[in-house]
Amino acid sequence: TYVLEARIGLMRSYRKLSQAEDCIKYSSLVEQDEKVSNSIKLEAQLLKGLSYFDLYQYDKANEAFVKVEALTNNEIGAQAKYHIAYILYLKENYDESVNQVYDLAKNYPTYKKWVTKGFLLMSDNFIKQEDFFQAKYILKTVTENYEGADLVEEANNKLKKIEELEKAKLEVVDDKPAD
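And the structure:
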């Protein structure tokens with residue numbers, strides 16, 4: 010058991026130190042140990058996914074997140090679901106990313122931080138699709154209803170960005186010559 014405890018400690022430490030390759034190595038060792046509890050296996054899978062994500066290995070990261078999300082309905086599952094949606098966003102699969110955020114909000118409503126981060130991501134999807142109305146609506150809802158200052162500040166910054174994008178778009182339209 011000392012070896013297992015050491016591996017778990019190393020897995021967590023390497024994650025905190027942002028040493029992704031080592032975290033992946035020890036996460037795999039922890040997962041393979043038959044004495045490890047299911048909750049630690051899920052944590053190892055999540056940390057592996059986060060580490061792959063940090064290395065821009067999105068397919069491997071997504072594979073880990075899908076496994077975690079399928080096996081739990083707690084905060085780790087909410088975090089995994091968020092990252093699944095984020096990877097879809099990075100791959101420019103905006104509609105599916107939005108659908109994953111809807112699932113996040115539906116299946117993990119008690120994990121407000123992850124649901125709110127999901128809504129911020131949803132607004133990013135709408136911004137990329139130039140649906141500024143939807144993006145602003147979501148962001149205003151976050152600023153009015155979420156209590157965490159960090160995510161409210163992020164929502165306010167995104168609202169300012171949208172205003173700048175809309176202003177720039179209007180200026181382009183105004184500069185076009187009349188027919």
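Just so you know, we're using the numbering used here here: the sequence shown kicks off at 10 and counts up by one. Every residue gets a Cβ at the ideal spot worked out from N, C-alpha and C, and that includes glycine.
(Q) In the DSSP assignment, the alpha helix (DSSP H) including residue 108 goes from what residue to what residue? (A) Position 99 of the sequence shown holds residue 108. It spans 103–116 - the alpha helix (DSSP H) in which residue 108 sits, taken as one unbroken run.
Where in the region 38–79 do unbroken runs of the alpha helix (DSSP H), each at least 4 residues long, occur, reported from the N-terminal end onward?
47–63
Quiz item: In terms of residues, what are the limits of the alpha helix (DSSP H) holding residue 140?
Solution: Position 131 of the sequence shown holds residue 140. Run containing residue 140: none; DSSP gives neither H nor E here.
Review point. Which of helix, strand or coil does DSSP assign to residue 88?
Key: Translated into the one-based positions of the sequence shown, residue 88 becomes position 79. Looking at residue 88 - three-state DSSP - the assignment turns out to be helix.
| said: Using a 10 Å radius around the Cβ and a threshold of 16 neighbouring Cβ atoms, would you call residue 12 buried or exposed? | reply: Residue mapping note: residue 12 aligns to position 3 of the sequence shown, counting from 1. Counting Cβ neighbours within 10 Å, residue 12 comes out exposed, since fewer than 16 surround it.
**OP:** Give the straight-line distance between the Cα atoms of residue 75 and residue 149, rounded to the nearest whole angstrom.
**Re:** In the sequence shown, residue 75 corresponds to position 66, counting from 1. In the sequence shown, residue 149 corresponds to position 140, counting from 1. If I take the Cα positions, the gap works out to 30 Å.
Do the CB positions of residue 50 and residue 61 come within less than 9 Å of each other? For the purposes of this step, residue 50 is identified with residue 41 of the sequence shown, where counting begins at 1. For the purposes of this step, residue 61 is identified with residue 52 of the sequence shown, where counting begins at 1. No, these two residues do not count as a Cβ contact at 9 Å.
Beta-carbon gap between residue 117 and residue 157 smaller than 9 Å = Here residue 117 corresponds to residue number 108 of the sequence shown, with the count starting at 1. Here residue 157 corresponds to residue number 148 of the sequence shown, with the count starting at 1. No, Cβ-Cβ distance for residue 117 and residue 157 is not below 9 Å.
| query | So what's residue 82 in DSSP terms, helix, strand or just coil? | reply | Numbered from 1 along the sequence shown, position 73 holds the residue referred to as residue 82. Residue 82 carries a coil assignment under DSSP once its states are collapsed to helix, strand and coil.
| said: Please return the same chain residues whose Cβ sits closer than 7 Å to the Cβ of residue 19, not counting the five positions on each side in sequence. | reply: Mapped onto the sequence shown, residue 19 falls at position 10. Only 35 meet the Cβ criterion.
**Asked** Straight-line CA distance for residue 159 to residue 145?
**Response** Along the sequence shown, read from residue 1 onward, the residue named residue 159 stands at position 150. Along the sequence shown, read from residue 1 onward, the residue named residue 145 stands at position 136. Roughly 18 Å between the two C-alpha positions.
Quick one: is residue 137 buried, meaning 16 or more other Cβ sit within 10 Å of its Cβ, or exposed?
Locating residue 137 in the sequence shown gives position 128, counting from the first residue. Burial call: exposed.
Candidates 107, 179, 164 and 40, of which the one nearest residue 58 by Cα:
By 1-based counting over the sequence shown, the position of residue 58 is 49. For the residues 107, 179, 164 and 40, the minimum Cα distance to residue 58 belongs to 40.
(request) Could you tell me the boundaries of the alpha helix (DSSP H) in which residue 25 lies? (result) Reading the sequence shown from its first residue, position 16 is the one you call residue 25. Start and end: 11–25.
Exercise. Using the rule of at least 16 other Cβ atoms within 10 Å of the residue's Cβ for burial, across every protein chain shown, is residue 78 buried or exposed?
Worked result: Residue 78 sits at position 69 when you count from the first residue of the sequence shown. Residue 78 comes out buried.
Quiz prompt | Neighbourhood of residue 128 by C-beta distance below 6 Å, restricted to the same chain and skipping five residues each side | solution = Here residue 128 is taken as the residue at index 119 of the sequence shown, counted from 1. Hits under 6 Å: 147 and 151.
Q) Is residue 127 helix, strand or coil when you go by DSSP? A) For this step, residue 127 is matched to residue 118 along the sequence shown. Three-state result, residue 127: helix.
Straight-line Cα distance separating residue 72 from residue 132
By 1-based counting over the sequence shown, the position of residue 132 is 123. By 1-based counting over the sequence shown, the position of residue 72 is 63. Between residue 132 and residue 72, the C-alpha separation is close to 25 Å.
Where does residue 122 fall in DSSP's three states?
Counted from its first residue, the sequence shown places residue 122 at position 113. The answer is helix: DSSP assigns residue 122 an H, G or I state.
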